[in-house]
Each structure stands twice: as C-alpha cells, then as structure tokens.
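Participant:
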Amino acid sequence: MESRKTVALIIPSEIIAKGLASILEDSGSFSVLEVFHDYSKTCETRLRGFDPDVVIIDPVILDFRSRKEARNMLADVCDSIVIALDGPAVTEDVLRQYDGSVSLYDRQDELVRKLRNAIDTKLQDPAPEPVEGELSAREKEILVCVAKGMLNKEIADKLNLSIYTVITHRKNITRKTGIKTVAGLTVYALLNNLIDMSSVQ
Amino acid sequence: MKQIFTPDLKLSDIIDMDYNLVQVISRMGIDLRHAGLPASEACALDGIDPASFLLICNVYSFPDHRPSDSDIAAASLKDILRYLRGSHLYYTGIALRNLETAFDRLVSPCDEGRKKAVLKFFFDYKAELEKHFAREEDEVFPYVEALMEGKRPEGYTIDQFEEHHESVDEKLEDMKNIVMKYLPSECDEELKMWVLLSVYRLRDDLRRHTFVEDGILVPMVRNLENDGK
Chain G
0 MESRKTVALI IPSEIIAKGL ASILEDSGSF SVLEVFHDYS KTCETRLRGF
50 DPDVVIIDPV ILDFRSRKEA RNMLADVCDS IVIALDGPAV TEDVLRQYDG
100 SVSLYDRQDE LVRKLRNAID TKLQDPAPEP VEGELSAREK EILVCVAKGM
150 LNKEIADKLN LSIYTVITHR KNITRKTGIK TVAGLTVYAL LNNLIDMSSV
200 Q
Chain S
0 MKQIFTPDLK LSDIIDMDYN LVQVISRMGI DLRHAGLPAS EACALDGIDP
50 ASFLLICNVY SFPDHRPSDS DIAAASLKDI LRYLRGSHLY YTGIALRNLE
100 TAFDRLVSPC DEGRKKAVLK FFFDYKAELE KHFAREEDEV FPYVEALMEG
150 KRPEGYTIDQ FEEHHESVDE KLEDMKNIVM KYLPSECDEE LKMWVLLSVY
200 RLRDDLRRHT FVEDGILVPM VRNLENDGK
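Those sequence lines, one after another, are chains G and S.
So for the first sequence, numbering that gives the first Met the number 0 puts the first residue at 0; every next one is plus one.
So for the second sequence, numbering that gives the first Met the number 0 puts the first residue at 0; every next one is plus one.
As structure tokens, this is what we get:
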C-alpha cells in the first residue's frame, strides 16, 4: 500500500483546522502530523525539522502585505508542496503563487483530488540540475554574494530575482560543489579565484 | 551477521574484531595491560561497570545498533560521563591539535590569501566544536552529577539540552570536500590523504559520540528526572 503523505496545517481557526485534519485522515491518503495556529519561530523550526510532503496554509494568517511573500518564505524553510486554503478574504493574486489551493467549500473527494493533482504536477517539474559540474555564470554570481555575507533577500534585490529563484540556485550550488555552509562556500569561492580575501573581511 | 560484544569476551578479542575500540578503551580509562582478561574482569580491575563499557562498544562498532530500554536502565551514568569527558579530551587535546598541525603544513605552499582562507575555516570550526563541548562540560554534565547526588537543580532539564544539541557535522563535511576536491595542486598529495583520513575518522567518531549523548545519556537522565517525581 502507498504510504500516506505527511501534512502540516498552518490555520488560525481551530474549527477549520480540526475539520480539515479529520477529512484528510479519513481519506486514507494523508496523515496530519502538525497543526499550527500561527506562523511563529517554533512553527518554522518544526517545519524545518520534519519537512512534510504538504503544507496547507490559510493566507489570512499573514499580514495583508506579506501574503504574497508567504510562498517564498516557506520555500526557505522546507521543500514541501504548499497549498493555500481559499476563503472569503483571499484574493486571486495571492492564490497564484502557491502550488495549488483548496476551498473551504470543497467536498471531501474534491479536496483530496486537488491535493493529489498539486502533488503530481509538482513532481513532474523539471529535474534538479546535474549532480556535479561547473557552476553556471549565474550561480557564480550568487556564490560571490553568499561569500560576501549577503542574505537571500539582498541577493534577490541586487540581481532582480525572486527569493525563490535565489534559493533554487543556492541548492544547485551546494549540489554541485558538495559544500553547504556559508563559511565553506566562502573558502570555495576564494580557492577558485571568484573573490579575494579583502572582499570577505 | 551482526555480533554484539558480551562480558565474557576477552578485551583483546573485542579489539581484534574492531580495532577502533582501543580508543573507547583508552577514553574509559581501562588499562590496556588488562587486555588479556575477559571484558568483565578488565573493567572490574579499573572500577568500571562492564555493562556501560559494552553498551558503548556496541553502539560504537555497530552504528545501527539501538540499545534496548533494559540496556539503558542497566548502564552507569558515572561511566557514561567518564567516556564522554574522555572523548572531549581526545577531540580537543589530540584530534584537533594534530589536524591543525597537518592543515598548517598542507596549505603552506599556497599563496597567502588561500592559506589564510583555509586556515580560518579550520580555526572557526575548531572554535565552534570547542564551544559545543564546553557547554556540555559546564552545563549538562554538572547538572547530571547533581541529579545523581539526589539534588533537583532548578531551571534546567535534559530536554533543554536535547533541544539545543546542534549537529556539528555540516562544517566537517564541507572541510572534507574542500580538502578532497578544491585545494590547489601545490598541496602535497600524501599530506592531503592523511588529512582526509583524519577528517573522516573524526567525523565518524563524532557521530558515535553524538549518539552516546542523544541515544544513551539523554534517556538515562530523563529516567532519573522522572524517578525523582
């Protein structure tokens, strides 16, 4: 039997969270492992730790201005498929940034079907970059920024990219070089003449 | 097939099966001149509880071995702490020091900038690891000893240790990749191999050490905390 997909809910309403959790559990395809009623540091740490297959988030949990940033924010934390919960206060442009959405008024079978579709689409996404090999020009550019101590947000602003894209590049850099930490990447950049010592300190 | 060490085995036979265990023996403070005796007798002569010694040997040699609740209940906290302290001394006093000397020699033919960069990476890692150990020595171990004396220190529990017990793996993994793949050609091959092997050994040893802390020390202390309630 196929194993259940793990799910985390980030939904302020206890009524909705409990209802959704029970629908998902009853479907037999999903296991709700964590429920958060706010988006806090604890929530981030836990998500980072267990990296669920799916996160369902109610966008109203976030301040109006940061709603569009939510997807990028979560991409920084975990590799999960992120689904928005569509309700009266959620607008079309907010929903678009997510990997899918389910509505408060969906029937059980509809809801499960939508989640499955979102998972399938996401899995068909282009495969990650090859395992080893030369860094691309863009990756080198980003690596230099990382080595200089810039944050993802700063790199995104400087190069006019979305944070999400910067994170994807960083993952590819790590995959290609085998180096994870900022300190290690700095040494790599120095040894490969991408930066000199003076620009680090 | 996996064989688990038992108290009737001679210490020398245990070492023959996995010579890395000489390090465990030394950190426990067991005299190697007792190696001809069965583990239980050698331990007794040096005042060490054989069950604890064998528990550590088993998790050390068989990384997928998970001790049972009764193994953990039978072990002696005093001896687990003795091992952990011995390991810390080995890492800071011997392993890191040797690695430092070797790194120094390894990058000596490089230009100033590169030399500085690699050494800085090493020293930052070393400082991080030393800080990690110091926290255990200064906070956790004294707390455990207080519990053992029947005291109930306020404001600390082993859960806090577990929660903040960070992995020290990532940087070492990076160090391995840097030495293996990215050092300039002027670095000596022989020395590079020596450093690589040392980094691998340190990594494996640290992983086992971490398991003794998370998989043995933490549950033992939690039992002790619950007993007092």
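Every residue, glycine too, gets a C-beta built ideally from N, C-alpha and C.
Remember, predicted model here, so these are calculated numbers, not experimental data.
When burial is assigned at 16 or more other CB atoms within 10 Å of the CB, is TYR59/S buried or exposed?
Facilitator: By the 10 Å Cβ count, TYR59/S comes out buried.
Participant: Sort CYS186/S, VAL198/S, THR156/S and GLU188/S by Cα distance to GLU172/S and report the nearest one.
Facilitator: It is VAL198/S.
Participant: Quick one: what's got a C-beta closer than 6 Å to SER86/S's C-beta in the same chain, skipping five residues either side?
Facilitator: For SER86/S, where only same-chain residues beyond five positions count, the Cβ hits under 6 Å are ARG26 and HIS208.
Participant: Can you tell me which of LEU193/G, LEU103/G and ARG106/G puts its alpha carbon nearest to the alpha carbon of CYS144/G?
Facilitator: Closest by alpha carbon: LEU193/G.
Participant: For a contact defined as C-beta to C-beta under 9 Å, what are the partners of TYR181/S on chain G?
Facilitator: Those are THR176, ILE178, VAL186, TYR187, LEU190 and ASN191, listed as they occur along chain G.
Participant: With a floor of 4 residues, list each alpha helix (DSSP H) that falls wholly inside the segment 15-47 of chain S, ordered by position along the chain.
Facilitator: You should have 20-27 and 38-44.
Participant: Mind pulling the chain S residues with CB within less than 8 Å of ASP195/G?
Facilitator: Under the 8 Å cutoff, chain S gives GLY112.
Participant: Could you give the distance in angstroms between the alpha-carbon of ASN151/G and the alpha-carbon of GLY177/G?
Facilitator: When rounded, the distance between both Cα atoms is 19 Å.
Participant: Looking at ILE241/S: is its Cβ nearer than 8 Å to the Cβ of PHE4/S?
Facilitator: With chain S covering only 0 through 228, there is no way to say anything about residue 241/S.
Participant: Among the residues of its own chain, which have a CB less than 7 Å from the CB of CYS56/S, if the five just before and after it don't count?
Facilitator: If we look at CYS56/S and ignore the five residues flanking it on each side, its Cβ neighbours are PHE4, ILE13, LEU20 and VAL23.
Participant: Do three or more CB pairs link the segment 149-161 of chain S to the segment 212-220 of chain S at distances below 8 Å?
Facilitator: Touching, yes, given that three or more Cβ pairs across the two stretches are closer than 8 Å.
Participant: Quick one, which residues of the segment 151-178 of chain S are near chain A if we go by CB-CB under 9 Å, in chain order?
Facilitator: No chain A appears in this structure, whose protein chains are G and S.
Participant: Do three or more CB pairs link the segment 73-88 of chain S to the segment 32-40 of chain S at distances below 8 Å?
Facilitator: Taking 8 Å as the limit for Cβ pairs, the verdict is that the segment 32-40 of chain S does not touch the segment 73-88 of chain S.
Participant: Thinking GLY4/G and ASP52/G are a contact (beta carbons under 8 Å), I'd like their distance in whole angstroms, please.
Facilitator: The question names Gly, yet the displayed sequence has Lys at residue 4/G. With 8 Å as the limit, LYS4/G and ASP52/G qualify as a contact, their Cβ atoms being about 4 Å apart.
Participant: I need the DSSP call for ASN225/S, collapsed to helix, strand or coil.
Facilitator: Helix, per DSSP.
Participant: Might you give, ordered along the chain, the residues of its own chain that have their beta carbon closer than 8 Å to the beta carbon of LEU32/G, omitting 5 neighbours on each side?
Facilitator: Only THR5, VAL6, ALA7, PHE49 and PRO51 meet the Cβ criterion.
Participant: Answer yes or no: does any C-beta atom of chain S fall closer than 8 Å to that of GLU128/G?
Facilitator: Its pLDDT being 48, under 50, GLU128/G is placed unreliably by the model, and nothing is read from it.
Participant: Buried or exposed for ILE80/G, going by 16 or more other Cβ atoms inside 10 Å?
Facilitator: Under this definition ILE80/G is a buried residue.
Participant: For THR5/G, does the three-state DSSP call read helix, strand or coil?
Facilitator: If DSSP states are grouped into helix, strand and coil, THR5/G belongs with the strands.
Participant: What residues from the segment 82-97 of chain G come within 8 Å of chain S, judged by C-beta to C-beta, listed N to C?
Facilitator: Under the 8 Å Cβ criterion, the segment 82-97 of chain G contributes no residue.
Participant: Going straight from the alpha carbon of LEU44/S to that of ILE29/S, what length do you get?
Facilitator: So the two alpha carbons sit approximately 8 Å from each other.
Participant: Please confirm if LEU8/G has its CB atom under 8 Å from at least one CB of chain S.
Facilitator: So, not an interface residue.
Participant: Give every residue of the same chain whose Cβ lies closer than 6 Å to the Cβ of TYR142/S, excluding the five residues on either side of it in the sequence, and list them in chain order.
Facilitator: Correct list, in chain order: PRO152 and TYR155.
Participant: For PRO101/S, which of ASP204/S, GLU212/S and LEU190/S has the nearest alpha-carbon?
Facilitator: The residue asked about is misnamed: residue 101/S is Ala in this sequence, not Pro. Out of ASP204/S, GLU212/S and LEU190/S, LEU190/S has the C-alpha closest to the C-alpha of ALA101/S.
Participant: ALA126/G to TYR38/G, Cα distance in whole Å?
Facilitator: For ALA126/G, the pLDDT reaches just 49, beneath the cut-off of 50, and the residue's location in the model is therefore unreliable, although a value from the coordinates is still provided. Computed Cα separation, rounded: 30 Å.
Participant: Assess, as a yes-or-no matter, whether the segment 100-116 of chain G is touched by the segment 134-149 of chain G under the definition of 3 or more beta carbon pairs within less than 8 Å.
Facilitator: As far as the Cβ criterion goes, the segment 134-149 of chain G does not touch the segment 100-116 of chain G, which means the pair count is below three.
Participant: Interface residues of chain S around GLY183/G at Cβ under 9 Å?
Facilitator: Per Cβ cutoff of 9 Å: PHE120, GLU169, LYS170, GLU172, ASP173, MET174, ASN176 and ILE177.
Participant: Less than 8 Å between the CB atoms is what I'm expecting for GLY99/G and ALA74/G, so what's the real figure, rounded?
Facilitator: Their Cβ separation, rounded to whole angstroms, is 15 Å, which puts GLY99/G and ALA74/G out of contact at 8 Å.
Participant: Quick check on LEU134/G: does DSSP put it in helix, strand or coil?
Facilitator: Coil.
Participant: Looking at the secondary structure, which residues open and close the beta strand (DSSP E) in which SER100/G lies?
Facilitator: 99-102 is the extent of the beta strand (DSSP E) around SER100/G.
Participant: Rounding to the nearest angstrom, what Cα-Cα distance links TYR124/S and VAL167/S in this structure?
Facilitator: So the two alpha carbons sit approximately 9 Å from each other.
Participant: Please compile the residues from chain G whose C-beta is within a distance smaller than 8 Å of the C-beta of VAL240/S.
Facilitator: Only positions 0 to 228 of chain S appear in this structure, which leaves residue 240/S out of reach.
Participant: How should VAL194/S be labelled, buried or exposed, when 16 other C-beta atoms within 10 angstroms of its C-beta is the threshold for buried?
Facilitator: Per the 10 Å Cβ criterion, buried.
Participant: Should ALA116/S be flagged as near chain G, meaning a C-beta pair shorter than 8 Å?
Facilitator: Yes, because at least one Cβ of chain G sits closer than 8 Å to the Cβ of ALA116/S.
Participant: Return the chain-ordered list of same chain residues with a C-beta closer than 8 Å to the C-beta of GLU128/G, the five sequence neighbours on each side being excluded.
Facilitator: Summary for GLU128/G: the model assigns pLDDT 48, below 50, so the residue's position carries little reliability; its value from the coordinates is reported in the next sentence. ASN171, ARG174 and LYS175.
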